[in-house]
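2 protein chains.
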Amino acid sequence: MKHIAKELDVSISTVSKALKNSEEISRDTKEKVQAFAKLYNYKPNNIAISLKNKRTKNIGVIIPDIVHHFFTTVIRGIEKFANTKGYNVIVCLSDESFDKEVINMEMLANGSIDGFIMSLSSDTQLKNDYNHLKEVTEQGIPLVLFDRITNEVECDKIIIDDQLGAYVATKKLLDQGRKKIALITTQDYLSVSKARTEGFLKAIADSEDNAVEKLILKMPSMGMDESLFTTFLDGNDVDAVLCVNEIFAISAMRYLKLKGKRIPEDVSCIGFTDGLLSKYANPSLTAIAQHGDEMGKMAAEMLIEKIESENEEETYITKILEPTLIERDSTIN
Amino acid sequence: MKHIAKELDVSISTVSKALKNSEEISRDTKEKVQAFAKLYNYKPNNIAISLKNKRTKNIGVIIPDIVHHFFTTVIRGIEKFANTKGYNVIVCLSDESFDKEVINMEMLANGSIDGFIMSLSSDTQLKNDYNHLKEVTEQGIPLVLFDRITNEVECDKIIIDDQLGAYVATKKLLDQGRKKIALITTQDYLSVSKARTEGFLKAIADSEDNAVEKLILKMPSMGMDESLFTTFLDGNDVDAVLCVNEIFAISAMRYLKLKGKRIPEDVSCIGFTDGLLSKYANPSLTAIAQHGDEMGKMAAEMLIEKIESENEEETYITKILEPTLIERDSTIN
DNA sequence: CGAAACAACGAAAACGGTTTCGTGTTGATA
DNA sequence: TATCAACACGAAACCGTTTTCGTTGTTTCG
């Protein structure tokens, strides 16, 4: 701009206004300035604009893991919507660690972003410490929590109804006449695991069928522990399995097949998260779709709404998406 | 800072220096200022610092698709390394579209980032138009291209040796005595597909076994076209299949099994990209690992090196990573 | 004791824009 | 002809920091 101003012998103010097509400036000058701007391929400096406006047009996304189908679909949803609104997405990975989550938030909270979208790390949910979130909201930075959320922090939230998902899936298994149903899940401190377990138990309780046996295996970590897994499946002759993630479900199917079980004839399997594995498994896996794209889109929508809204009224909402049961070949039709 | 300055009755300059532990400022004042800063939880504004330093500590990553195992591992690699160096990662998705790629680059090139890491969209490789990349490099913004690259642009690049990967995989199939080997790939305008096809052909040529038959199916798009696929496999009684991605490989295995073929006894299968599908397929799929994490890490390393190096000497390097053949159950040991 | 050296700090410019508030020129109106 | 809008533009403050270059007041030394 300085350059153009000098070249055209006008002030920087005039250049600025001319480029914004201000009514203040004569048609003549505007055309000249704009022509020069094109010529010199002038592009306004985003940083300077951000400093002036106190708005960066960046949104920070903090997730535990990116090599995970659900999270990537959420990011895609966020990115797509954010882009239409002129926002960029800064992605940080907490790697399931509380400390990294804190560091990342602090890194971004110093003016780099206009708002956060995040899903809690397992470590954070275990520690149950949300001070870093509270600090951010107290600074007035909008925050949207998705999927792995907490009630300890007041902010917008979006989740799928995990309990309902598990309920519907379990009901599906019951309706097929399954009597010995296993739930393979993770520890309860993860908000989603807890909700899914509740849905599972509720469905069985609602069935009022005393012949139904329920079994629950709580895996210690997010990863696979083969021995726990096989011991559980060896010791219990189940006829249905509901797993809280694809990996558990695929592994269960594989091991059951190894043991000579036919799927779905002998054992029905359902897994949470409708990812690639479910689709391409053999047999393909009936799955509870979490609609990550939609979730991401809505999270971005809620966040940008908050960012751009003038009023400071603190009304927070929690949106609950309905999961969908995608029926495939691992359950009987 | 203004606040602290007023409160302590010193100048803003003094506050700034005190916070940076400048030698100019007395121990006494420094302690006071730093204490106040802690008290008021002062955090420097990154935007202002960026404006002053002309360095944002952000790196822009533009990839065609994020719901793709290889790309997510690359992002993870980038993010991890970048974070250790104090950089944040802004992710943009081109969605395989030339236009979006251009828009994203322009959005970020106006001061939002210090450098780019990107992988070309298929659309861009088809159009063969790289002016947006050239503009960016001419502006002096460092650029590192990975995986899907072009020779049309002078910049740092990093790829895996796709030709070698295909060569090794094909050789593996030949060594097993396979005589009728299929390659299922995509169109040649994708740099990686081309290289893989070359490796495939080279391995067969090198074998000097005239009994070996080679077949190539070029799928029209990135997605699956079932009819083309099945027609090809029905019409050719192959005993080995090499696929340029997991989806093709898994689909091939599934269809072959459907036709009564045993894997690996009757047909050996190998796929590019060692992702989740390969690991959890049944049988598990022998795969060519592309080391996305490593690639991402190195890309970030190269980029940050360029960003932080003082000298303007234009020396660009291309790093070539070696792929690894991960042997699993879809090939004979 | 005067000059030089030094320690401690502040004023102001700079980064690249936006925006408010003038100000000087016109032309129309009373 | 004096008055007043409207018009077209410029000066300067501002966003929050950094940094250069003074400017003080105090030592130190010859």
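Going down the list, the sequences are from chains A and B. Under this note's numbering, the first residue of the first sequence is numbered 1, with each subsequent residue one higher. Under this note's numbering, the first residue of the second sequence is numbered 1001, with each subsequent residue one higher. All residues carry an ideal CB built from backbone N, CA and C; glycine is no exception. Source: prediction; values computed, not measured.
Span of the alpha helix (DSSP H) holding residue i?
i                : result
T1014 of chain B : I1012 to L1019
E1327 of chain B : Here E1327 of chain B belongs to no alpha helix (DSSP H), and DSSP marks it neither H nor E.
D206 of chain A  : S191 to S207
V74 of chain A   : H69 to T84
G1235 of chain B : E1226 to G1235
G1140 of chain B : Careful: G1140 of chain B lies outside any alpha helix (DSSP H) and carries neither H nor E.
T964 of chain B  : No statement about residue 964 of chain B is possible, as the shown extent of chain B runs from 1001 to 1333 and does not include it.
T1130 of chain B : First, the amino acid is wrong: residue 1130 of chain B is Tyr here, not Thr. Unbroken run through Y1130 of chain B: none, as it is neither H nor E.
I1103 of chain B : F1098 to A1109
A37 of chain A   : R27 to L39
G296 of chain A  : G292 to E308
If I measure Cβ to Cβ from residue i and keep anything under 8 Å in the same chain, skipping five residues before and after, which residues do I get?
i                : result
S1112 of chain B : T1056, N1058, G1060 and I1090
T1072 of chain B : I1066 and G1292
T1014 of chain B : A1005, I1025, T1029 and V1033
K1306 of chain B : G1115, P1142, V1144 and D1156
V1153 of chain B : Y1130, L1133, K1134, T1137, L1143 and L1145
I78 of chain A   : I59, V61, V89, I117, G296, K297, A299 and A300
Using the rule of at least 16 other Cβ atoms within 10 Å of the residue's Cβ for burial, across every protein chain shown, is residue i buried or exposed?
i                : result
S942 of chain B  : The question about residue 942 of chain B has no answer here: the residues shown for chain B are numbered 1001 through 1333.
L276 of chain A  : buried
L1145 of chain B : buried
E1101 of chain B : buried
S1268 of chain B : buried
S1227 of chain B : exposed
Q1139 of chain B : exposed
N311 of chain A  : exposed
I204 of chain A  : buried
I320 of chain A  : exposed
Y1167 of chain B : buried
S1022 of chain B : exposed
D95 of chain A   : buried
L303 of chain A  : buried
P1323 of chain B : buried
T1084 of chain B : exposed
P64 of chain A   : buried
A169 of chain A  : buried
S191 of chain A  : buried
A343 of chain A  : The first residue shown for chain A is 1 and the last is 333, placing residue 343 of chain A beyond what the model contains.
T1186 of chain B : buried
S1122 of chain B : buried
Under 8 Å by Cβ, that's how I've got residue i and residue j pegged, so tell me the actual separation to the nearest angstrom.
i                : j                : result
A18 of chain A   : I25 of chain A   : 5 Å
I288 of chain A  : G165 of chain A  : 4 Å
I317 of chain A  : P264 of chain A  : Not quite, the Cβ-Cβ distance comes to about 40 Å (not below 8 Å), so this is no contact.
I1250 of chain B : A1281 of chain B : 6 Å
L39 of chain A   : L1051 of chain B : Contact doesn't hold; Cβ gap of about 25 Å is too wide.
F1232 of chain B : L1217 of chain B : 5 Å
N1110 of chain B : K43 of chain A   : 5 Å
L215 of chain A  : V238 of chain A  : 6 Å
F1272 of chain B : R1196 of chain B : 7 Å
Give the range of the beta strand (DSSP E) segment to which residue i is assigned.
i                : result
S1268 of chain B : S1268 to F1272
G1115 of chain B : G1115 to M1118
I1160 of chain B : D1156 to I1160
A182 of chain A  : K180 to T185
E349 of chain A  : There is simply no residue 349 of chain A to check, as chain A begins at 1 and stops at 333 in what is shown.
I90 of chain A   : N88 to L93
N58 of chain A   : N58 to I63
V1244 of chain B : Looking at the DSSP string, V1244 of chain B is not in any beta strand (DSSP E), and its letter there is neither H nor E.
For residue i, which residues from the same chain have a beta carbon less than 6 Å from its beta carbon, with the 5 sequence-adjacent residues on both sides left out?
i                : result
L983 of chain B  : No answer is possible for residue 983 of chain B: it lies beyond the span of chain B, which begins at 1001 and ends at 1333.
M1 of chain A    : I12 and V15
D1274 of chain B : A1287, A1289 and I1326
L1173 of chain B : I1181, A1240 and S1268
K194 of chain A  : D188
L108 of chain A  : G60
Taking 7 Å as the limit between beta carbons, can you name the residues of its chain near residue i, skipping five residues before and five after?
i                : result
A37 of chain A   : I4 and L19
N41 of chain A   : none
K356 of chain A  : Outside the displayed range of chain A (1 to 333) lies residue 356 of chain A, so it cannot be described from this structure.
L1008 of chain B : K1032, V1033 and F1036
Indicate, with yes or no, if the ligand COA has a heavy atom lying under 7 Å from the CB of residue i.
i                : result
D1206 of chain B : Inclusion of the ligand COA in the displayed structure is not the case, the ligand content being empty and no account of it being possible.
Meets three-Cβ-pair contact criterion under 8 Å: the stretch 82-100 of chain A and the stretch 1086-1105 of chain B: yes
Inter-stretch contact (C-beta, 8 Å, three-pair minimum) for the stretch 1159-1175 of chain B and the stretch 1120-1134 of chain B: no
Meets three-Cβ-pair contact criterion under 8 Å: the stretch 1172-1184 of chain B and the stretch 1241-1249 of chain B: yes
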